[in-house]
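Scroll down for the structure; my scribbles are underneath it.
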Amino acid sequence: MSVPPIDDLVSLERGEVDRRIYSDPAIFEREMEQIFGRAWLFLCHESQIPAAGDFFAAVMGRDNVLVVRQKDGGVRAMLNTCAHRGNAVCRADEGNAKGFLCTYHGWSYGIDGRLLGVPGHKSFYAGEVDKNRLGLTPVAQLASYKGFVFATHDPKAPPLEEYLGATGRLGLDLIAARGDMVVVPGIQKFVVDCNWKIAVDNLFDWYHPQVSHASAFRSGALGPPPERAGGYDEIDMAGVNMESGAGIDLSVGLISASKFDQVVVIGEYGHGIGGPTVSSSGSIEVDSSWRATAQAREALGPVGVGVAGHPSIFPTTWVTTVPVQLSLRIPRDPTHTEIWWFTFVDRRSPPEVQRFMVTMANRVFGPAGLLEQDDGENWSQATAQSHGIASRRVKHLVNMGVGRGRIVKEHGLARIEGLTSEHGQRWTYHAWAQWMKGTSWDALRAATTPGDLL
Amino acid sequence: MSVPPIDDLVSLERGEVDRRIYSDPAIFEREMEQIFGRAWLFLCHESQIPAAGDFFAAVMGRDNVLVVRQKDGGVRAMLNTCAHRGNAVCRADEGNAKGFLCTYHGWSYGIDGRLLGVPGHKSFYAGEVDKNRLGLTPVAQLASYKGFVFATHDPKAPPLEEYLGATGRLGLDLIAARGDMVVVPGIQKFVVDCNWKIAVDNLFDWYHPQVSHASAFRSGALGPPPERAGGYDEIDMAGVNMESGAGIDLSVGLISASKFDQVVVIGEYGHGIGGPTVSSSGSIEVDSSWRATAQAREALGPVGVGVAGHPSIFPTTWVTTVPVQLSLRIPRDPTHTEIWWFTFVDRRSPPEVQRFMVTMANRVFGPAGLLEQDDGENWSQATAQSHGIASRRVKHLVNMGVGRGRIVKEHGLARIEGLTSEHGQRWTYHAWAQWMKGTSWDALRAATTPGDLL
Amino acid sequence: MSVPPIDDLVSLERGEVDRRIYSDPAIFEREMEQIFGRAWLFLCHESQIPAAGDFFAAVMGRDNVLVVRQKDGGVRAMLNTCAHRGNAVCRADEGNAKGFLCTYHGWSYGIDGRLLGVPGHKSFYAGEVDKNRLGLTPVAQLASYKGFVFATHDPKAPPLEEYLGATGRLGLDLIAARGDMVVVPGIQKFVVDCNWKIAVDNLFDWYHPQVSHASAFRSGALGPPPERAGGYDEIDMAGVNMESGAGIDLSVGLISASKFDQVVVIGEYGHGIGGPTVSSSGSIEVDSSWRATAQAREALGPVGVGVAGHPSIFPTTWVTTVPVQLSLRIPRDPTHTEIWWFTFVDRRSPPEVQRFMVTMANRVFGPAGLLEQDDGENWSQATAQSHGIASRRVKHLVNMGVGRGRIVKEHGLARIEGLTSEHGQRWTYHAWAQWMKGTSWDALRAATTPGDLL
Amino acid sequence: MEADQPSRERIAAAVRQYEVEQFYYDEAALLDAHRYEEWLALFTDDARYFMPIRRTRMQRELDREFTQPGEMAYFDDDKTLLGGRVAKLQTGRSWAEDPPSRTRHLITNVRVLGDDGSELQVESNFHVYRTRLRSEEDSWIGSRRDVLRRVEGSFRIADRKIFIEQTVLLSRNLSNFF
Amino acid sequence: MEADQPSRERIAAAVRQYEVEQFYYDEAALLDAHRYEEWLALFTDDARYFMPIRRTRMQRELDREFTQPGEMAYFDDDKTLLGGRVAKLQTGRSWAEDPPSRTRHLITNVRVLGDDGSELQVESNFHVYRTRLRSEEDSWIGSRRDVLRRVEGSFRIADRKIFIEQTVLLSRNLSNFF
Amino acid sequence: MEADQPSRERIAAAVRQYEVEQFYYDEAALLDAHRYEEWLALFTDDARYFMPIRRTRMQRELDREFTQPGEMAYFDDDKTLLGGRVAKLQTGRSWAEDPPSRTRHLITNVRVLGDDGSELQVESNFHVYRTRLRSEEDSWIGSRRDVLRRVEGSFRIADRKIFIEQTVLLSRNLSNFF
Ligand code: FES
Ligand code: FES
Ligand code: FES
Ligand SMILES: [Fe+3]
Ligand SMILES: [Fe+3]
Ligand SMILES: [Fe+3]
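Each protein sequence line maps, in turn, to chains P, A, W, F, C and B. So for the first sequence, my numbering puts the first residue at 444; every next one is plus one. So for the second sequence, my numbering puts the first residue at 444; every next one is plus one. So for the third sequence, my numbering puts the first residue at 444; every next one is plus one. So for the fourth sequence, my numbering puts the first residue at 9; every next one is plus one. So for the fifth sequence, my numbering puts the first residue at 9; every next one is plus one. So for the sixth sequence, my numbering puts the first residue at 9; every next one is plus one.
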């Protein structure tokens, strides 16, 4: 199996994607090298590992990585594989350790990954083990942006802040700027039988909730529909009927029934943000007062402060501001993806507010979430229909608003204003194709720098 | 992995097949393209979907297809994948629908596959969605022969009747000519861990029942052995012993013990029919009076009227006349095959006769069928022994009667008379090889036109 | 997927192995051809099939093989696949048979594999089946060394005794020379999710027990620590701590705490023996008196008589002398390996001694064995960490004592004396690389002939 | 359920439950031990043994999920046919069951839904696990609805309906009983 | 346990066990029949329904294996939210459950750990099997710790804690109940 | 089973069944909670714990399906060795069980086959489910034949034979109890 010419797989102009990218094993292998072997990937948040020796087991592509708080307060990440014969040196998801022992032959490492003990070093190895060279392999680069820990396997990758750029940074600031943010104990993890890109594609998909999640909205379990600011405008649903022949009545509130102003921000390397503006999204956010703080206005800037949509940090990090969560889509194989959810609260906010944020997170997302429980089957079926010889010839469309997205560049951000669109998805797939070409970082940056139109 | 030269895989002259074709993934992929991507494949019978909106979920290779009765009484088949982002638009096996709703973003289709509704078509798409172009993708060609619905992915494929030819048509006529035939509710579906060709190879295998199904015959559960017309002649079983050392006593009736006249019909594109003649098979058919009707004699013709064997329509459709059933072997992967059973009764026959036909079908075939429950393990083991480096060098033999099959061409049919043979299997593998070469339809037809000897 | 240049995968000089060999499917396929398609592989012990018709189902690579005792007292092995259409002709693990019946069409074979019966041979085949050519395919070569039955798929392979060489023969003699050895009923079989080479690599790994099996030693369930001959010397454990920060106290006896003289024997084609000497290992063997017999001293020779370590017969046969067992590591796929355990007793020893040997075997090895239950997870994790793009760049180290192993050649054996080392593993991987090159047997032998240093 | 002393009725119900469960466990043990003739003897002469075909249907049409008697089924046996199946297993030529499958019937959630004194309506759940040869595995999970008839101080199965959860059976055959 | 005649206490305990098991089997039957409103009615108005997140921890830290109320969870519902879930399933738009999942709740190892006359502490094990569409399979195995309240001669679930064995859930969603 | 009032004998049998089942459920709970020493205390000092090796055999030779005591086995323990296994798990160095496996013992089909007043012969079926680390799964299914001895108003396991269905164990080890 060989990989088809990349430029045949994604058409930015037509907003069409070749479905083979959702099941071809050769393409998946190339992704592991060109994307997950080079990109900065989110590992965890510093608040998860406050004390020296606290660790969290993260995943980078198919590499298992230990993120560990150091005695000096710093954070390190290393491959969870022994320098001797490769055994994992830690098999827990999280916890606190004074060091890591390989249970095979007893090579023993510090929480900094340094090789400290080798049974029989003198007697068996004649003291010749180069302990400095043979620690746990650190990730090529590690950096933390306002508590969000990222790493890359590529020593040549640009620094994290530059990689994130204004768009990626804004995505994280939309969490960080809310206050003194900490991760709530309990990372939800589950497996969906879909290709990872189908799940990523959904990140800033504001076109699906009204239909995919119609039952959640109607159930009332999400509480009364949010009030909206400004005029209310129904989505046109001409000809949209259920298989019983009846229409889908969407008149139960904002997301589920109305169109409203949206803004899409796109950035270098494929990052993006898409969704409503604060003004248009009314009370979705429940309480937007935090945006008025000096801290927030300074961090978010004049454009960012008005953004209420979903940031995506290429390739697999999704930020949601309501509830305040960060989600990863971790590829397992071409047709299986692990979903992880990290949930944030402002440590300084009153207990009942923190409880409310947790409660909201529990009921909205995650495998039992009133919204998310309906997503998986759509993704799974979309993936399943990419195998058939005829079905895979049908294009995967992300052409809503194609060629109509005028890009405004201000305050270091490139944004497109309008209504619901697929600008964000289109941008993601365009970037995906550039990454897959395996060009230099400069070429990649150039190829993923927004132009005037999308 | 690459595909070996096709001509090395099948020898028509020696009746030998290379076992790699039962497990090589590259060969399987080629089959999906060259055979399941081009051949006419059986979808369902019109009687399963009598009313407008009735649908049946069929499979073509790895493509999921919806067969739907139209308001004008016609039948259409379309890929079960949304034109937007590929989600399945229907997830039931069968039922009645007024239309199909994609549950992801709400694109809504008519039962004819036309795209009727697009949420926010005006507001989000500026009315630019080309609804005429973006319906559910219809199959390249669909046709119905006497109620049997077939489709192909290849627009260049010859018309169904021509594809079937006299042989394939006769196979279906052996059901259709019995009366006003309808499918009984309930399609049996199960998975056997074998390659699909091992299961197809068994279609007109009249050599195995006597041994494979010895326990069923002896159990008495199939009722008293059928009477046979004409002289009775034991199969020679010299040296055939069970692993206990005891012989297998076959003296419990026709199929299980005797040799009798058989006729094998072979046709273009690889179709075939093999098994006993009506005169030789005595009362197997229980009641052959239907063959005497004008309708039957006209439809079957002078040769067909005497055929009591199993028709095979290349690549995966098996017809059995006792009981009256049609079976599909649907490839899932190189070593897993789904088996589906469709059962027919004559709507005009008395209720007790219809009940009898259903009862017979329930006890003979299907996963719990007294006969079929013993087939799977043979097929599974035959497939399993095609992996080993030494075992796969052993040839798969279909050489019974090789070079001794004199082909008589009359009334548009090419037939070979004689006793039990492997002419039918040999013909099927020969055709398989021609298909796999990916030649033009004309070349394929020429290469699969019977000669004088087999 | 293609196989990387073999010489890039193993460095004998540095004692480094490329981890891709533990998960790359293309490498696995090559192993099936070049190693399991050519090497002599252990099938079973003659004592398992004493009577004519006794059979044992063995595995060679992915080929299923029947080993059968013949009427003339000889042993034969044949592929368990019917000459007709490949079905298995026997589906039991072991037993006694008067012959083998293929349950598909009834072809019937003698216990010698000869085709005896073909239903309808006269009537259907016109007597043309060449019964002499169409028996069960025998293995290319079969031979028995002192009751240990081996076979190879390669007709060009050197005779078994030559293949084993002095090293391999010594390995088997360490069982055979104990007396009149027979296999105890009950072959333990289980599947570990690891690459087969990781399990083989562990064969003569005397570096891991002290740590891997610390809990077994401390539990007391293995009885009091064996007494040791000569001076006692702790292994240096500087800096070796558990993840709790506490050290691992190993002071509970010989294997778990001390270093002692070891000897590694290496031989042509990759065979090896590694572990303690009889004098150094004190009472590990419980009773070494058998070594003093003339029979033993003659069979083992002056060097062998002092060897108490673990013999390995390339590629997958492991002999252990305490308890007296033989183990196979059977590859299922790149990341799954079947482990089989054969246990031996001396038929002439008193019942209580035989019972003791069985009891010891039951508690030490096997899936519930106090030692082995801790091995699998290390192997599984070592395999799992060979997938990641960064993790697989980390070398698999077998460099303990690299370049310090002075090879002494005496009495036809090449040995290295010293303490615990990884000479044995290094030799195995070196041989593996030579096998994978697919050179001639002469070239292979030359490339695997020990030099002066390791 | 009151916390105080149970009435005679409640005690009688508990004892009946115990006896019905034991009947099922004994039945399962006969099957798992391949004692098919004794198993067959647990059925009344007029017994029906029915496993319909299940189809994935939209919620609206769930009433048509299972096929009905007279339509196609996986099992639709009277005692004679059931006896034929048992006879088949004992011909010494029932290849797919020689070597015999290893089955284990895990019976749970036994509920007596009705009892007119002579016949009981009983529902139960099952997990039938099968392994064959070296490492083949099947798991069939579902429920049974039985009519148990009181006969000579014990029970006989007068009717059994087996509802399996799968629509496409993920096993090569159904050569065992439920 | 003495071999001779059982005391009134032991009989009472056996009958209570029978009644608790029947309650669970009836509950399971309601879920497997998609009769969600009747199922909901088995909960008290003050009921909590909680499934914590489980994490692989070293033995030393096993006390932190499960998340606690107030932390993240898979389910952390009061009856209102539970009712919302049921309402959701009945909107006719709950796509992931139309066609409905086929579930089978196998309930075993029921243990009454406490009984103060008005409330019982009960533990049970479960194997919830789900198939969907053509051949999707999920198996969720774990245990439940319930508080059952005696109400009008029957039980109501006043509290349910569900402990699932998996740390990474090997299924696409949790659109069913436990 | 008569429909009318149950006799003292039938009531006694039902109560005994209840008490045996509770004993097994309590035992299972100890194992799933890693309370190994308490579990060990459920065995008599002369107890045997035996899991034979199973082999696929032709029907004719089914009597040789299992290995016998004195032959090879997966477990062939006396209480001392069983205690050794428990001790091993508590050394803090039993790596394959740290992080501990998550097990769930589903016990079904409990049948009292004999009772001489002092000892009971009991058969039961089990599904032992294990998950480890992120997403490893094992399922062991089979049956147990125990001798339960009446001791101080409760039971002790005097003998346990475990019959597992698989011939090739599809798991990396057997570091847990059955
Ligand atoms: S593999 Fe870690 S110490 Fe050997
Ligand atoms: S995928 Fe069908 S509407 Fe979007
Ligand atoms: S396959 Fe063995 S007789 Fe036909
Ligand atoms: Fe969603
Ligand atoms: Fe057949
Ligand atoms: Fe070990």
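Built from N, CA and C at the ideal position, the CB exists for glycine as well. Since this is a predicted model, take the numbers as computed values, not measurements.
| query | Which residues in the same chain have their Cβ closer than 6 angstroms to the Cβ of P/C637, if we skip the five residues on either side of it in sequence? | reply | Cβ neighbours of P/C637 beyond the five flanking positions: T780, W822, S823, T826.
| query | Taking C-beta to C-beta, are A/N684 and W/G560 nearer than 8 angstroms? | reply | Yes.
| For a contact meaning CB atoms closer than 7 angstroms, what does B/K96 contact in chain W? | Residues of chain W passing the Cβ test: S658, A659, S662, A664, L813.
| From the DSSP output, which residues share a beta bridge with B/E27? | Its beta-bridge partners do not exist; DSSP assigns none.
| message | Using a 10 Å radius around the Cβ and a threshold of 16 neighbouring Cβ atoms, would you call A/A700 buried or exposed? | response | With 16 or more other Cβ atoms within 10 Å, it is buried.
| task | Give me every residue whose Cβ sits closer than 5 angstroms to any heavy atom of ligand 1, in chain order. | result | With the cut-off at 5 angstroms, the residues found are P/C525, P/H527, P/R528, P/N530, P/C545, P/Y547, P/H548, P/W550.
| message | For the beta strand (DSSP E) containing W/V654, name the first residue and the last one. | response | Annotation: W/V654 is outside any beta strand (DSSP E); the continuous alpha helix (DSSP H) that includes it extends over 652-655.
| From W/P777, W/G713, W/N805, pick the residue whose C-alpha is nearest to that of W/T760; which is it? | The residue with the shortest Cα to Cα distance from W/T760 is W/G713.
| task | Below 8 angstroms on the Cβ atoms is my guess for A/I464 versus A/K599; work out the distance and round it to an integer in Å. | result | About 25 angstroms; that fails the 8 angstroms criterion.
| Residues in its own chain within less than 6 angstroms of P/P893 by CB, not counting five upstream and five downstream? | Once the five neighbours on either side are set aside, the close Cβ partners of P/P893 are I709, I850, A857.
| task | Give a yes or no on whether 8 angstroms exceeds the smallest Cβ distance from A/T580 to chain P. | result | Interface residue, yes.
| query | Hey, how far is the Cα of W/P745 from the Cα of W/G855? | reply | Distance from the CA of W/P745 to the CA of W/G855, rounded to the nearest whole angstrom, comes to 11 angstroms.
| query | Taking the C-alpha atoms as reference points, what is the distance between A/I478 and P/I832? | reply | Approximately 11 angstroms between the Cα atoms of the pair.
| task | Give the DSSP bridge partners of A/H389, in chain order. | result | Given that chain A is displayed from residue 444 to residue 897, the structure contains no residue 389 of chain A and the question cannot be resolved.
| message | Check for me: the alpha helix (DSSP H) holding A/N962 runs from which residue to which? | response | With chain A represented from 444 up to 897, any question about residue 962 of chain A goes unanswered, as that position is not in the structure.
| query | Are any of the Cβ atoms in chain F nearer than 8 angstroms to that of C/S143? | reply | By this cut-off, C/S143 is an interface position.
| query | B/I165 CB to nearest chain F CB: under 8 angstroms? | reply | No, B/I165 lies away from the interface with chain F (no Cβ there is under 8 angstroms from its Cβ).
| query | Span of the beta strand (DSSP E) holding C/P60? | reply | Counting along the chain, the beta strand (DSSP E) containing C/P60 begins and ends at 51-60.
| said: Quick check: what's the CA-CA separation for C/V136 versus F/R112? | reply: Rounded to whole angstroms, C/V136 to F/R112 spans 18 angstroms at the Cα level.
| Does the beta-carbon distance from B/T99 to W/S658 come in below 8 angstroms? | With contacts defined as CB atoms closer than 8 angstroms, B/T99 and W/S658 qualify as a contacting pair.
| request: Confirm, please, whether the CB-CB distance from A/A535 to C/P107 is below 8 angstroms. | output: In this structure, C/P107 lies near A/A535, with their beta-carbon atoms less than 8 angstroms apart.
| Under the three-state DSSP convention, the category A/W878 falls into | Note: A/W878 maps to helix in three-state DSSP.
| task | Tell me whether P/D818 counts as near ligand 4, meaning its Cβ is closer than 7 angstroms to at least one heavy atom of that ligand. | result | Yes, ligand 4 has a heavy atom inside 7 angstroms of this Cβ.
| said: For F/E35 and F/E45, I'd like the C-alpha separation in whole angstroms. | reply: Distance between F/E35 and F/E45, taken at the CA atoms: about 11 angstroms.
| Three-state class that DSSP yields for A/V807 in the structure shown | Helix.
| said: At the level of alpha carbons, what is the spacing between B/G125 and C/Q13? | reply: Using only the alpha carbons, I get a separation of about 12 angstroms.
| said: Could you tell me the alpha carbon to alpha carbon distance between F/W103 and W/W550, rounded to whole angstroms? | reply: F/W103 and W/W550: Cα-Cα distance of roughly 14 angstroms.
| Could one say the Cβ of B/R152 lies closer than 8 angstroms to chain C's Cβ atoms, at least one of them? | With 8 angstroms as the cut-off, B/R152 does not count as an interface residue toward chain C.
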